[in-house]
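Below is one structure, written out as structure tokens, with a few remarks after it.
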Amino acid sequence: MQSLLTAAQRRVRAGEIRDAAAANGITQGWLLAGIADAETRMSHCWSELTWACQGPNSSDCGGGPVVAGAGDGPCSLRQGGLGMFQFDA
-10 MQSLLTAAQR
0 RVRAGEIRDA
10 AAANGITQGW
20 LLAGIADAET
30 RMSHCWSELT
40 WACQGPNSSD
50 CGGGPVVAGA
60 GDGPCSLRQG
70 GLGMFQFDA
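In my numbering, the protein residues as written are -10 to 78.
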């Protein structure tokens, strides 16, 4: 899986996920960060992971689409769902 994020950007996002999890009483934030890394290599916006399907537009992505699932069939069928890290779109 090719992502346009650098290792440094992915580390920052892992820390943000960890901190958000801790703020909500989740003590295993590293697990959530691992899932985000496995699902999308920490990519949230489609512009960071252009082989994936396009989800709904988000202000977090400059008004562009978030990443949507590409493992459930062709994007044209719109069968892929959002990853757990795209639900704020």
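The beta-carbon is built from N, C-alpha and C at its ideal position, and this holds for glycine as well.
- In the structure shown, what three-state DSSP assignment does Ser65 receive? Secondary structure of Ser65 (DSSP, three-state): helix.
- Tell me whether the beta-carbon of Ala3 lies closer than 8 Å to the beta-carbon of Ala22. yes
- Query: Between Arg30 and Glu5, what straight-line distance do the alpha-carbon atoms span, to the nearest angstrom?
  - Reply: Cα to Cα, the separation comes out at about 14 Å.
- Take the Cβ of Ser65 as the centre, count every other Cβ of all protein chains shown within 10 Å, and call the residue buried at 16 or more, exposed below. exposed
- Query: Where does Asp(-2) sit, in a helix, a strand or coil, going by DSSP?
  - Reply: Note that residue -2 is Gln in the sequence shown here, rather than Asp. DSSP places Gln(-2) in helix when its eight states are reduced to three.
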